[in-house]
Structure formats: structure tokens, C-alpha cells
Amino acid sequence: MSWGIELWDQNENLAIHTNRGIDALDKFANFLRDRVAIETEYAGKLRRLVKNYQPKKKEEEDNEFTSVQAFRNLLKEVGDLAGQREVVSESLQLQIIAGVTLLSKTLREDRKKCLSDGATLQQNLTTQLSSLDRAKRNYEKAYRDSEKAVDSYKRADMDLNLSRAEVERYKNVMTAKIQQSDDAKNEYANQLQKTNNLQQQHFSILLPAVLSRLQELDEKRTRGFREFIVGAADVESSVAPIIARCMEGIVKAGESINEKEDTFKVIERYQSGFTPPRDIPFEDLSKCDPDSVQDSHYSNSTSNHLTIRGTMSANKLKKRVGIFNIFGSNKNSLTADGQKEDFSDLPPNQRRKKLQAKIAELTQNIAQETKARDGLMKMKIVYEANSSLGNPMTVEGQLNESEHKLEKLKVDLKKYQGFLEKASQVPTATSSPQATRNQLQNGHRTSRHSNGSADDHHDDGDDQPDDAGSLSRSDSEDNVAQIQNGHNNNNNGSASPESGLGTSHTSLPGSGQGSANENAIGEDTYYETEVETLNPVGKCRALYPFEASSEGSIPMSEGEELQVIEIDQGDGWTRVRRENNSNGWDEGFVPTSYIECTLYA
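Just so we're aligned: the sequence shown equals residues 174 to 774 in our numbering.
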């Protein structure tokens with residue numbers, strides 16, 4: 174089938190058809206451009222989405238949970254999906270759209286040339302037809318004139334009144350007209366032959382060639398349309414396996430979530446190692462002195478359970494330094510994150526884990542530093558054996574520095590191994606401040622009388638401090654307790670303000686008796702010059718009334734609002750402050766379970 178034969182008379186319609194075909198190709202190109210824009214925007218938004226939901230630095234500690242790990246893997250796979258959408262966009266832009274644009278441009282130029290050639294052929298044919306028509310009209314006119322001349326001559330020849338000369342003139346005119354008619358006839362016949370030849374050539378050879386070229390252009394456009402659509406699908410299919418792997422990765426991430434494992438890790442992270450408090454013993458008031466009754470009332474006023482701030486988040490709380498930080502501060506220096514060097518301010522389990530992690534880190538550092546030192550030593554030996562390779566003195570300084578670092582790391586490792594050994598020896602059964610309080614209520618605590626003196630009540634002469642009850646105490650605080658009472662070594666883990674942990678500067682004067690009084694008075698002056706005023710970390714409201722019956726505590730009434738200057742560190746007591754019109758501020762400790770706290774952001 175050929176347009177030149179079948180559609181020889183549809184030149185105008187074919188021109189319109191080819192133009193519409195190229196317009197359809199341009200429309201497809203515009204469609205691809207819009208799709209590329211959508212793909213690019215989609216990929217960009219996916220990447221921004223992944224970036225916005227990346228875990229923050231403060232959330233890195235949750236990476237151990239399988240659900241958090243799965244979410245991070247999901248974000249990674251979504252980022253890979255965004256990359257594949259970008260690949261699709263770039264491939265469509267470089268391969269498909271560029272090809273469609275080039276093809277459209279080529280087709281338009283070739284079509285314009287074909288139409289120009291067709292117009293030239295049509296113009297030539299039209300010109301020849303005009304010449305034929307003109308020759309025919311001339312022949313018709315000449316023939317009519319010759320016929321009139323013949324008639325005029327015949328009438329003149331039959332008219333006897335005309336002279337011979339006039340008849341001869343008519344004869345000459347007839348002869349001229351007949352000659353003109355014959356010439357016009359010959360010209361007409363010649364133009365007719367030319368026209369027929371040109372018309373036959375036009376419709377059988379020239380015009381079919383032009384229409385065939387248009388047919389080729391249209392077929393090329395149609396073929397390109399097919400190839401570009403298939404190519405666009407191939408671009409999409411080429412990334413389909415990678416997208417399928419991304420989907421598999423997302424499914425795998427979801428299937429990796431293990432609720433039991435996360436539950437176990439929550440226990441591992443927040444388990445304090447404390448045991449629940451024992452049953453509170455019955456107190457026979459008839460066998461107790463009034464001061465003991467007051468102490469028992471004080472112990473019972475606290476909560477029967479550890480607060481959430483005392484267990485789960487103890488490692489995140491601001492550490493208690495207070496006024497006693499001036500003693501022995503070099504013995505329990507704080508780390509960069511505000512924790513003590515031996516992590517003694519953490520619950521037992523958390524402390525052991527921190528120490529084990531520190532030991533593992535130090536061991537790895539020692540191994541790395543040992544390899545570096547051995548390399549320097551080998552280099553020095555090579556330099557000594559062959560001085561042309563280098564001066565052995567150049568590595569001497571590095572070797573000494575490496576030895577110094579290695580020695581320091583070994584000292585730190587030994588120190589933390591000692592901390593771990595000490596922490597492992599501490600029994601966890603009595604390390605709960607609440608459990609310790611219950612033991613103290615049963616006769617294993619010091620009773621303070623109203624006059625401020627301290628009587629030691631020990632069973633079986635046990636004078637050793639209970640390390641488990643002092644995990645949240647610094648050594649400096651223990652030193653203060655010994656300074657205030659030279660003969661009192663009872664440190665059985667009492668979590669009340671009486672233990673010296675929470676003694677504020679408002680209650681220091683007169684806290685001792687005898688020789689302890691003299692030390693207390695001397696120290697009072699020192700405290701007033703050294704203690705910094707703590708900024709409040711929140712506010713609280715008293716849920717119940719509290720009568721202060723112990724040194725370091727302050728009374729409060731129900732509904733009273735106070736400033737929180739130090740939160741509960743796991744001992745069941747919170748340090749608060751109230752404004753006092755007479756002397757400025759009153760500071761002291763109140764039971765955590767008696768108040769409702771609101772901490773500042």
C-alpha cells in the first residue's frame with residue numbers, strides 16, 4: 174500500500190494528518206516532561222521525609238530496640254526508593270524526552286521539505302494547464318476568425334457588384350485567418366501534448382514520490398512513538414528489581430521487630446538491681462520511747478515504692494552535689510555527662526553495665542595502642558639496622574608518647590576493674606533505699622534525739638558501712654558524716670536527710686553535740702562562704718501535710734507550692750525551697766511521694 178497510488182488526490186488531507194501526528198508526538202514529549210517533574214519532586218520529597226524523620230542525637234540511645242532499628246532500616250529503604258525515582262527521572266529525561274524532541278524536530282523539517290516539493294510540482298502542473306487553456310482559447314478564436322473570413326470571401330466572390338480587387342482582398346484575409354487558425358491549432362496540440370505528458374508524470378511519478386516520503390515520515394513517527402513508549406516502560410522496569418528489593422528490605426525490617434527482645438532490653442536498660450521493700454514491721458508503741466516513735470513516723474511517711482525518678486531514669490538525673498561537694502571532690506570526679514567516675518550514683522545493675530562497657534572500651538583502646546607501639550618499635554629497629562631508610566630518633570618521641578598513653582590506659586583499666594569488682598561484691602538485696610529504711614525501722618538505724626545527739630544501735634557490733642545502700646552517695650558525703658561525728662561509722666544506707674545527704678545550709682548550725690558541735694559551728698561559717706545558691710529545676714505542690722521531724726527536712730502543709738532545687742535521686746527525698754519573709758529562703762527535704770512535681774523544660 175502506497176499513499177502515492179492510493180491517495181494521489183489527498184495531498185491536503187495528508188498534510189493535515191502528518192501535522193497532527195507530529196503534534197501528538199510533541200504532546201507525548203510534554204507528558205514525559207511533566208512526569209519527570211513529578212518523579213523529581215516525589216524523589217525530593219521522599220528524601221526530605223527521610224531526613225526529617227532521621228533519629229536525633231538524643232534518640233540514639235534507643236537504637237538498641239528492634240522497633241527503632243526497623244524504623245531506621247525503613248528510612249534507609251525509602252531513601253533508596255527515592256534514589257530509584259531519581260534514576261527513572263534522569264533516564265526519561267536523557268533517553269526518552271531527548272529522543273522524542275529530536276525526532277519531532279527532524280520530522281517537522283522533513284515534512285516541510287516534502288510539502289514544499291509537492292507545492293512546486295503542483296505549481297508546475299497548474300502552470301502547464303494554464304498554458305494549455307490559453308492555447309485552446311487562442312485556437313478557438315483563430316478558428317472562429319477563419320470561419321468568418323471564409324464566409325466573407327464566399328459572399329464577396331458571389332457579389333457581382335464588387336470589383337476584382339476587393340474580392341482579392343477578402344481572399345487574402347481568408348488565407349491569413351486560416352493560417353492563424355492552423356498555427357493556433359498546432360500550438361494547442363503542442364501544449365496539450367506537453368500537458369498530458371506532465372500530468373502523467375506528475376500523478377504517476379513525481380507526486381507519488383512526494384507522498385511516499387510523507388508516508389515514510391509518518392511511519393517513522395509512528396514507529397518512534399512505539400519505541401519511546403516501550404523505552405519509557407523499560408526505564409521503569411529497569412529499576413523494578415531494585416524497588417522490589419527495597420520492598421523486601423522494608424518487609425524484612427518489619428519482620429525483624431521482636432517484642433520479647435525489646436522487652437528484655439527495656440529490663441536490661443532500666444533494671445536497678447534493687448529488691449522490693451520488705452513488709453513494714455509492727456511497732457509496739459508501749460515499748461518505744463517518744464523519740465523512736467518520731468523516727469518511725471518519719472520513716473513510714475515515705476512512699477512504699479521507689480519512684481520512677483529513682484529507678485528508670487536515675488542515670489539521667491542531675492547529680493546531687495550540694496554543700497558537701499567541697500570535701501573529697503577529687504575522689505569522685507564527674508564525667509562529661511555529669512556522672513561520677515565510678516558510676517556510684519547509678520543503681521547496681523546500671524553501674525555494673527556502665528563499668529563493663531568502660532572496661533571493654535579501655536581494653537579495645539589498649540589493643541589499638543599496643544599495635545601502634547609495636548609498629549613504631551619495628552620501624553625503629555629497621556631504621557637502626559639501615560640508617561638510609563630514616564633516623565630512628567624521629568620515632569623515639571612518638572614511641573615515648575605511645576608508651577605513656579598505654580601506661581595511662583592500663584592504669585585506668587585497673588582502676589575500673591577495681592570499681593567493677595567492688596560493685597560486684599555489693600549485695601543488691603539491701604541496696605534499695607526503701608528496703609534499707611524498713612531495716613532501719615527494725616532497729617538497725619541511728620536514732621536522733623531532740624537535743625541533736627546521735628546514739629548508735631548496731632546488731633552484733635557491725636561497724637562497717639553498707640556499700641549497697643550508699644550507691645547514690647559520693648565518698649565526699651561519707652567523709653562529711655565522719656567529720657560531723659568522729660565516732661559514728663554507721664552508714665547503713667539510710668536514705669533520710671539524717672544521713673547527711675540532704676543537709677541544707679539552713680539546718681547545719683546546732684546539728685551536733687559536744688565536740689561535734691564545735692566542728693559544726695566552725696564548718697557553718699565555711700559553708701556560708703562556699704555554697705552557691707541552686708537554681709530551681711521545677712516546682713511542686715504538696716499532696717499531704719508533712720511534719721519535719723528529722724534534721725535536714727522541712728515541714729509543709731497540704732496544697733503548699735514550693736520550688737524544686739534538687740530532684741529525687743532514688744532515695745525517696747526531694748530537695749525543695751520556700752520563700753521566708755524573715756530570713757529569705759527555707760531549704761530542706763520532703764518525701765517525694767508527698768508532692769506532685771512539675772519540672773522545667
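All residues carry an ideal CB built from backbone N, CA and C; glycine is no exception.
Are there 16 or more other CB atoms within 10 angstroms of the CB of residue i, so buried, or fewer, so exposed?
{"i": "Glu282", "result": "exposed"}
{"i": "Val763", "result": "buried"}
{"i": "Ile768", "result": "buried"}
{"i": "Thr191", "result": "buried"}
{"i": "Met174", "result": "exposed"}
{"i": "Thr765", "result": "buried"}
{"i": "Pro454", "result": "exposed"}
{"i": "Asn522", "result": "buried"}
{"i": "Gln366", "result": "exposed"}
{"i": "Thr747", "result": "buried"}
{"i": "Thr299", "result": "exposed"}
{"i": "Ala216", "result": "buried"}
{"i": "Gly732", "result": "exposed"}
{"i": "Gly446", "result": "buried"}
{"i": "Asp332", "result": "exposed"}
{"i": "Leu187", "result": "buried"}
{"i": "Pro718", "result": "exposed"}
{"i": "Arg396", "result": "exposed"}
{"i": "Leu205", "result": "buried"}
{"i": "Tyr326", "result": "buried"}
{"i": "Lys286", "result": "exposed"}
So the beta strand (DSSP E) residue i belongs to, where does it begin and stop?
{"i": "Asn753", "result": "746-753"}
{"i": "Ala715", "result": "711-715"}
Tell me which residue opens and which closes the alpha helix (DSSP H) that residue i is part of.
{"i": "Thr274", "result": "271-331"}
{"i": "Tyr215", "result": "184-225"}
{"i": "Thr395", "result": "380-428"}
{"i": "Leu549", "result": "521-558"}
{"i": "Thr436", "result": "432-443"}
Which class does residue i belong to by DSSP, given the choice of helix, strand or coil?
{"i": "Pro764", "result": "strand"}
{"i": "Thr448", "result": "coil"}
{"i": "Asp356", "result": "helix"}
{"i": "Trp176", "result": "helix"}
{"i": "Val241", "result": "helix"}
{"i": "Val653", "result": "Because the pLDDT at Val653 is just 34, under 50, the model does not fix this residue reliably, and the value given afterwards should be weighed accordingly. Note: Val653 maps to helix in three-state DSSP."}
{"i": "Leu265", "result": "helix"}
{"i": "Asp518", "result": "coil"}
{"i": "Asp741", "result": "coil"}
{"i": "Asn236", "result": "helix"}
{"i": "Pro228", "result": "coil"}
{"i": "Asn370", "result": "helix"}
{"i": "Leu335", "result": "coil"}
{"i": "Ala255", "result": "helix"}
{"i": "Leu247", "result": "helix"}
{"i": "Ala774", "result": "coil"}
{"i": "Ser647", "result": "Because Ser647 sits at a pLDDT of 38, beneath the cut-off of 50, its placement in the model cannot be relied upon, and the point is left open."}
{"i": "Leu707", "result": "coil"}
{"i": "Asn564", "result": "coil"}
{"i": "Glu594", "result": "helix"}
{"i": "Ala724", "result": "In the sequence as displayed, the identity of residue 724 is Glu instead of Ala. It is coil, neither helix nor strand."}
Is the beta carbon of residue i less than 8 angstroms from the beta carbon of residue j?
{"i": "Glu760", "j": "Ile738", "result": "yes"}
{"i": "Ile539", "j": "Gln590", "result": "no"}
{"i": "Asp318", "j": "Gln353", "result": "yes"}
{"i": "Gln257", "j": "Ile415", "result": "yes"}
{"i": "Glu360", "j": "Ala308", "result": "yes"}
{"i": "Trp140", "j": "Leu380", "result": "The structure shown does not extend to residue 140, since the chain is modelled only from 174 to 774, so the question has no answer here."}
{"i": "Arg394", "j": "Leu275", "result": "no"}
{"i": "Leu572", "j": "Leu549", "result": "yes"}
{"i": "Lys358", "j": "Tyr312", "result": "yes"}
{"i": "Ile423", "j": "Leu222", "result": "no"}
{"i": "Ser277", "j": "Ile195", "result": "yes"}
{"i": "Gln519", "j": "Leu582", "result": "The amino acid occupying residue 519 in the given sequence is Leu; Gln does not appear at that position. Not closer than 8 angstroms, so no."}
{"i": "Lys315", "j": "Val346", "result": "Reading off the sequence shown, one finds Ala at residue 315, where the question assumed Lys. No, these two residues do not count as a Cβ contact at 8 angstroms."}
{"i": "Arg524", "j": "Ala596", "result": "yes"}
{"i": "Ile269", "j": "Ala405", "result": "yes"}
{"i": "Lys544", "j": "Val568", "result": "no"}
What does DSSP give as the partner residues of residue i in its beta bridges?
{"i": "Met729", "result": "Phe719"}
{"i": "Gln736", "result": "Lys712, Arg750"}
{"i": "Glu769", "result": "Arg714"}
{"i": "Asp457", "result": "According to DSSP, Asp457 bridges with nothing at all."}
{"i": "Asp759", "result": "Arg751"}
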